[in-house]
Amino acid sequence: MHIFTKALNRFLLVSFATGFCFTLKAQEKDSSLVDTLVVSAKAKSVGPKVAGTIIDSSTGKALSGINISIPGFSSTFTDEKGNFKISIPTLNAVLIINGEGYQTKQVALKGKKSITVALYEDTYKSFYDNVRLPYSVQSKNIIPYSISAITTEGNWNKKAEAADSYLQGSVAGLNAIRRSGTPGMGANLFLRGFNSLNATNQPLVVVDGMIYDINEYSASSIAGFQNNPLNLIDIKDIDNITVIKDGASMYGTKGANGVILITTARAQQTTTKIDFAAYGGFNFKSKNIPVLKSGDYRLYLSEILKSGGMSDDAIDALPFTNDGEVPAYSKNTSWQNEVLSGAYNQNYYLKVTGGDNIATYGLSVGYLDSKGVVSNTNMQRYQTRFNGDLNLSTRLKATVNLSFVNTEQALKDQGLNIRTNPLFLALVKAPFLPVNEVAEDGSVSPNLADKDIFGISNPSVVINESQALNKTYRFFGSAGFNYNLAKNLTLQTLLGVTFDKSRETFFNPAKGISNDTLSTAIVKNNSGSSVSRLFSLYNDTRLSYMKALNSKNQVTANIGARFNESKTELDYGLGFNSATDELISVGKGASALKQIGGRLGEWRWLNAYLNADYKHADKYFLSFNMGIDGSSRFGREASGALKFNGNRYAVLPSIAGAWLISSENFMNLSDKVEMLKLRLSYGFTGNDDIGNYSSKHYYVSQNLLGMQGLVRGNIGNPQLKWETVEKANAGLDIALFKERLNFSIDVYSNRTHNMLVDESVSVIGGVKTVWTNNGGMQTNGFDVEIGGRLVNKAFKWDMFLNVGRYKNEITKIPNDRMVSEYAGAYILTEKGRSANLFYGYKTNDIYSTREEASSAGLQYRLANGSLAGFQAGDVRFVNTYGADGIIDEKDMQVIGDPNPDFTGMFGHKLKWKQWNLDAMFTFSSGNDVYNRTRAALESMSGVYNQTEFVLNRWRYEGQATNVPRAAFGDPAGNARFSDRWIEDGSYIRLRTLSLSYSVPLKTKFLKYATVYATANNVFTLTKYLGYDPEFSATNSVIGQGIDIGLEPQFKSTQLGVRIGL
Amino acid sequence: MLCVGLASCKDTFDIAPKDVLEHNQTYRDIYDADAAVIGIYGKFLGIARQHIILNELRGDLLDVTAKSDKYLREINDHSVSADNPYTDPRLFYELILNCNDVLKNFDIMVSENKITRDQYNQRYSDIGAVRSWLYLQLGIQFGEIPYVTDPIENISDLKDASKFPKIGFDELLTKLAAFMEGLPYKKDYATGSSLLISVDTYNTTKFFINKNLVMGDIYLWKGDYTNAATSYKAVLDSYPNDQSDQYFETYRVTYSNANDYVGGGNWYKIFGQPLNERYSNYENIWMLPFNKNFSPQNPFIDLFLTTANANSYLLKPSAAAIKNWDGQMRGNVPGDLRGGYSWFTYNGQPIVAKYYYNYSPALPFETTSKWILYRASAVHLRFAEAANRDGKSKLAFALLNNGIKNAYDPTPGVAGRDVTNIMQTLEPAPYNFDAREGEFPRFRGPWYRHTGIRSRMGLSPSAISPADSALFFNMTDPIAYNRTVKDQPKLTLFTEDRLVEEAGLELAYEGYRWPDLLRIALRREKENTGGGEFLYNAVARKFTQAGLPVPAGVTALKTNSKNWFLPFNW
């Protein structure tokens, strides 16, 4: 709470320092309609007139007080019967219609003199919605790019989650894969597949005009965890999100993966609005994976020990072999119940917006406490945000955006860390062991049991005694000025800073946790602490020009530059073997074993940009964008670059055009087609995530004993440059039947040139690989977005569907082929195929008899190079490379593809009187998953507990089973990386279901009150055998679809109330 | 505006790496120069494992164990597959790249007066010698290799493969010899040098390569025996007039203070004592430390010993090696003490003991030890090899067996003689040894304590049997001392066989074996005296003595000298 109050104080100080004071006094409702479109009726507007009627689309009732305008020409309002009359410059003019509570709409007259227009309520998703673009706000029906826009309506009915998870399902073509069930971990965002092997594939995020850095610069010291900057944006603070999928050349070498523009809470009106919301909810424990119970495990254990060469007598003498003999080995513990539990979550949020005609502001504060399903884990978030808009003079406007968000997270190790991952330990731990110490006479101690006879940690000790804390905060603030130089000319600048700091500490006690080994000592207990920082300075300055050449032609242009300088720092310390488990800090570790280290990074980026938009007759739209980028990361001899003063600049142009076919007169024939637009775009974007210093040749330190010498760190590549992504997109936006049915379809092709690869070089270079630009890939695909209103009466039923599909292909890679390893999986990256295919052995049942095994005649190679034949009970691996009769790496083949065939969402929105029901289903189809956890739980190679699948293991000659034999150490490699562990990761999930009820109020004190009931991850239809089919263990393309045992997604519900004052 | 302003500044994007150093942040003063030298030696430790594996497992004294992987077996069987990681020369070239970089920058530093000419001479010659040693090693293993002396700074420098043609071993040796001759400084770092310091309880004096030894080796491989002997003699004659134990022990294989004497039962101390530049480490001329507190960790423990690590004990002494030691005689007592100190049985398995002494399985993390790269016995044997090839077989025998004083004494054991004209070789340099020890007049020649390799261990001389004597010597003179050589070529070959046998007994598992066998085989191949046979016989014994069939790769050694080298297709 301390940090929170500190932050609040700081924020208040800043607010006052800006000389900005705001009143919380409620003001009379402003009679003038505030809109982004300037309305200025000119007295001398003469010309033909049109008449018309505006009605409500669902009730058909005439609407009064609706504004009809032709910007810069004329404007009027409807009368009480919904009728209006307005002067128009020509009969081909476009009317802009809006009214409070209703959508804004554009109507092309196409020569008609009388029209009737039906309006939907303002929350209806329409092509006429205003969309925020980098330089302006425009109606979506005239934008030539492929974009998706989300208007959040406050997200009151949503569970508090990270902004990236929130995006899941909302944008066609954006495959947001939630990393894990850990609160705040967020999602990996793959917009239209991926464009790079080694550089980032995450889109650029811009919040309120400033780049919001979401890269992970230093891995967390807590296994399986990732600091997620997008967790530091409360989704209730988000007003709208625009996703630009094609030709984001304006962001130069940062736009290759598309751009996500986020606008946070600002005042829409000068009226003071106070929203308060409070939620409480419950997270449900995940369903257990069925592992063996004590009896079956005991049998399995005897069998596996015997296969390892132990005699029956020796096994019989072991303390655990006979049930009941030794109390400490006679329990039946469900370890999963010990580490997984249901938990509560709560969330409070207050937002105040308002102001006057000089200044408006949006202020929010919030608190979130979300517990994880792994016991004793949670995430707490304190946040505050202040956005202000000031009219300092008629020409000068200013904006202030400040946010400070602090999270504190209690975590547990996850994933590949088998020493301290409680979830994995709970699966493999012997069920006959007790949670607490048990004496010989059977009495139970309050102390937790130590590591067991097999050296495996006690999961309950990890839960109750281990510590893993992450404390992160980010200050993200900017101030902007906008000066109107002349009628058509505006100069604006935005200056901002990001300061992000993350501090982690962890400790694992000696008692209860298995020993680890350093090269110089056995590790009993260990501790760690780290601090990572990001400091970033940002400026965006531009000159904007807008001119209507005549009634038909309009030009807008922007020229400017963005500059970013960032510094990162990581410092860490590791301590080992402190004297007792009470001494948990690094400083208390044995001094000879302490390790310290760190990393520093720094880079500068300059993006000069030019934007020119041209509009003709409100039907033809052209947009040209160009980024010219310099960066400290680029090599000084980069080819294909603009040379200026010794530096190399990337030149990345793009052009987009749209034809609003429905505004053509010939389209008058059909009133079925409300809107039809064809979009085409082509251009270049870049990716500068090539390493801060890879282009330079540098030196690193090399010790000789404690002396520090210097040696060459690399072979520099002064030709190293950005990756270029060439993007082509064709799209159609169609609204039919008076907007009852809307859909967009986009077909795209992204080609990555100069893709960053780790290229092998001649041995005489002394290094294995050098970063070069000798790769390429291509991703083609399509996105479809469909929405519409099925029932449009008092009961309203809207339906949505979006689907994305991509196909990736490596077009160029050194040696045409590369096999990577991650978490025991082999991943093939080969020219002509997708970048990340699972590459392993195919299997075909098992040998059930000795005869079968020997007649197959296949052999495998032992570690020492000698050959051995498969036995009965071994897996029958497919011998692709038949000549040698040996199952080895030559027999590996593609056994799975983690890329989905389709991903997307479908949803329903039902509205009846005060009731609203939203349901959103997300789905992923055709993606393969490597279930590494199951590979450990069914390998039958050691003392780990196994799943019930192994009950049917091969035990005798001729046994009809598909489960191989138990064999200590798995000599035949039955558990090797094969299609046995590849599963179909397809799923359909009811992602959110929310019901809200607006309480009818008669009081003046409250403006409104709404009650929400929300459920998340309600059900998931999948064949996947692990906890949950959705996870993303790394940000890398290679590593997707690999279940390394992270905390699973879980069900949750919440009940909440929102009150408006 | 801002954009133009930033772009017009040339250094806007010139950000120096923060946790690494760019070139202009290095090589500024003598401390940077020293850091460059330290960096090379620090990295040098990284090749220890590969160096020992290639040079010993390809020879006859080391064998694979049940735990050895496929690749070690390939090395053992002389049939290496293309992806065998032990034959990847990358670590060597990485060091060479660094040496090239250092040499180039030293040139720049001295020309810009950032270091003095004297500082330059010492450091340049040191790193130049390290590079030559590395190339010699590559030549020994691969035969034909690319000889690169430019520092490759950028990938564009690497692209043009024609810039780095492979050259043959002979050409390589010629280039190396010329380069070494051109070095401005051949001695050890001068007293007072900033590199001669004490660090982490170690004295750095013996960390640095001995340039004369590198030159001696290069000439010996080239077949330039007088020059080889001259270079080795320069080492043997270090501090020629100093009669202290230190210099006798270090350079003149001799007796000294009984407690510290590293012969006889103390021989194991050469390996067993902690790295130190004094006493029991006198014998060691060039050695580097492995300290448990610093990386890299000692690679030999897992390689040779049974430890907690499941992948340990990968290599063991061969049956042939054990037999060699067992076959030696100390008077009437069979066995060579060095055998017992070079290997022994641990938990029922034979292990290489030379790497065991500082280690105890009960203290698995106490891995501090040393890597001996050159020691006095090796210099003596190589000098003897050169002398023998230069027609000085008697001198070679003296070094091998019981020392100069005894070998050049017609009436050994007689007291009170005038020794003015005996106990010395009376040969021109480099074969001039004065081992006189007499009282009337008093003589204490610089070599008066010299004992010979075998005599130091109390072993009977590796003698020529009377039957064999007739093959080589003119037997008409009844006094053996006065007999002249009848057939010098035969005697040379015979002596060479004895020398290489002795090297196997004395220097096993220290990284000398395969080069010794190969050098002699190449020499004999050139003069048509059965190089292939020699190499085959030596290596095949490893298999036949162990009761195993001789692998095809070993048989192929007999037929073509191309098979003696590893394929260089990296």
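If you read the sequences in order, they're chains A and B. Residue numbers are given in our numbering: position 823 of the first sequence equals residue 823, and the series is strictly consecutive. Residue numbers are given in our numbering: position 432 of the second sequence equals residue 432, and the series is strictly consecutive. Glycine is no exception: its CB is placed at the ideal position from the N, C-alpha and C atoms.
**Prompt:** Roughly how many angstroms separate the alpha carbons of glutamate 427/B and isoleucine 764/A, rounded to a whole number?
**Reply:** 45 Å
**Request:** Can you grab the Cα-Cα spacing for the pair phenylalanine 906/A / asparagine 357/A, in whole Å?
**Result:** 42 Å
**Request:** Kindly say whether glutamate 510/B, judged by its beta-carbon, lies nearer than 8 Å to any beta-carbon of chain A.
**Result:** no
**Message:** Quick check on the burial criterion: 16 or more other C-beta atoms within 10 angstroms. Buried or exposed for glutamate 153/B?
**Reply:** buried
**Request:** Residues of the region 873-902 of chain A with a CB closer than 7 Å to any CB of chain B: list them in chain order, please.
**Result:** none
**Prompt:** Got a sec: which bits of the region 65-82 of chain B sit with their beta carbon under 7 Å from any beta carbon on chain A, in order along the chain?
**Reply:** Ala66, Lys67, Ser68, Asp69, Lys70 and Arg73
**Item:** Distance between beta carbons of tyrosine 822/A and glycine 781/A, contact taken as under 8 Å
**Value:** Not confirmed; about 25 Å, so no contact.
**For proline 551/B and histidine 51/B, believed in contact at Cβ under 8 Å, the rounded distance** = Not quite, the Cβ-Cβ distance comes to about 23 Å (not below 8 Å), so this is no contact.
**Message:** Just to make sure I have the definition right: I need the residues of chain B whose C-beta is within less than 7 Å of the C-beta of threonine 772/A. Which are they?
**Reply:** Ile155
**Request:** Indicate the three-state DSSP secondary structure (helix, strand or coil) for asparagine 1035/A in the structure shown.
**Result:** coil
**Request:** Please report the residue range of the beta strand (DSSP E) in which asparagine 508/A lies.
**Result:** 489-508
**Message:** One question on the structure: do tryptophan 156/A and arginine 953/A come within less than 8 Å of each other, judged by their Cβ atoms?
**Reply:** no
**Message:** Let me see if you follow: with CB-CB separation under 8 Å, is valine 20/B close to chain A or not?
**Reply:** yes
**Item:** tryptophan 659/A (DSSP reduced to helix, strand or coil)
**Value:** strand
**Message:** Using a Cβ distance threshold of 8 Å, determine whether the region 501-516 of chain A contacts the region 576-586 of chain A, with at least three qualifying pairs required.
**Reply:** yes
**Message:** If the cut-off is 7 Å on Cβ atoms, which residues from the region 545-567 of chain A count as contacting chain B, listed in chain order?
**Reply:** Ala561 and Phe563
**Request:** Compare the C-alpha of glutamine 122/B against each of Leu21/B, Gly46/B and Ser194/B and name the closest.
**Result:** Ser194/B
**Request:** Taking only beta carbons into account, state which residues of the region 574-596 of chain A come closer than 9 Å to chain B, listed in chain order.
**Result:** Ala592
**Request:** State buried or exposed for methionine 1026/A, treating a residue as buried only when at least 16 other CB atoms are found within 10 Å of its CB.
**Result:** In the sequence as displayed, the identity of residue 1026/A is glycine instead of methionine. It counts as buried.
**Message:** 8 Å is my cut-off, CB to CB: does arginine 123/B come that close to chain A?
**Reply:** no
**Item:** Interface residues of the region 461-495 of chain A facing chain B [CB-CB below 8 Å]
**Value:** none
**Request:** Per DSSP, which residues does alanine 1062/A bridge with? Please list them.
**Result:** Given a span of 1 to 1061 for chain A in the structure shown, any question on residue 1062/A remains unanswerable.
**Asked** Are the C-beta of glutamine 859/A and some C-beta of chain B separated by less than 8 Å?
**Response** no
**Prompt:** Which residue from Thr242/A, Asn1035/A, Gln859/A and Tyr987/A puts its Cα closest to that of proline 971/A?
**Reply:** Gln859/A
**Message:** Going by DSSP, what residue range makes up the beta strand (DSSP E) through lysine 727/A?
**Reply:** 723-736
**Message:** Considering only their Cβ atoms, is the gap separating aspartate 816/A from asparagine 198/A smaller than 8 Å?
**Reply:** no
**Message:** Applying the 10 Å Cβ sphere with the 16-neighbour rule, what's the burial state of serine 74/A?
**Reply:** buried
**Item:** Under 7 Å by beta carbon: chain B residues contacting valine 767/A
**Value:** Glu94
**Request:** Whole angstroms is fine: what's the gap from alanine 429/B's alpha carbon to valine 214/B's?
**Result:** 19 Å
**Message:** DSSP three-state label for asparagine 665/A, please.
**Reply:** helix
**Whole-angstrom C-beta distance between isoleucine 214/A and leucine 191/A, which should lie under 8 Å** = With a Cβ gap of about 13 Å, leucine 191/A and isoleucine 214/A do not count as contacting.
**Asked** Which residues in the same chain have their Cβ closer than 8 Å to the Cβ of glycine 531/B, if we skip the five residues on either side of it in sequence?
**Response** Ile520, Ala521, Leu522, Arg523, Arg524, Glu525 and Ser561
**Request:** For asparagine 401/A, count neighbouring C-beta atoms within 10 Å of its own C-beta (all shown protein chains included) and say buried if the count is 16 or more, exposed if not.
**Result:** buried
**Request:** Can you say whether glutamine 595/A is buried or exposed, counting buried as having 16 or more other CB atoms within 10 angstroms of its CB?
**Result:** exposed
**Request:** Note down the Cα distance separating asparagine 742/A from glycine 788/A, rounded to an integer number of angstroms.
**Result:** 6 Å
**Prompt:** Comparing the C-beta of valine 38/A with each C-beta of chain B, is any distance below 8 Å?
**Reply:** Caution is warranted here: a pLDDT of 40 is assigned to valine 38/A, below 50, making its placement in the model unreliable, and no coordinate value can be reported.
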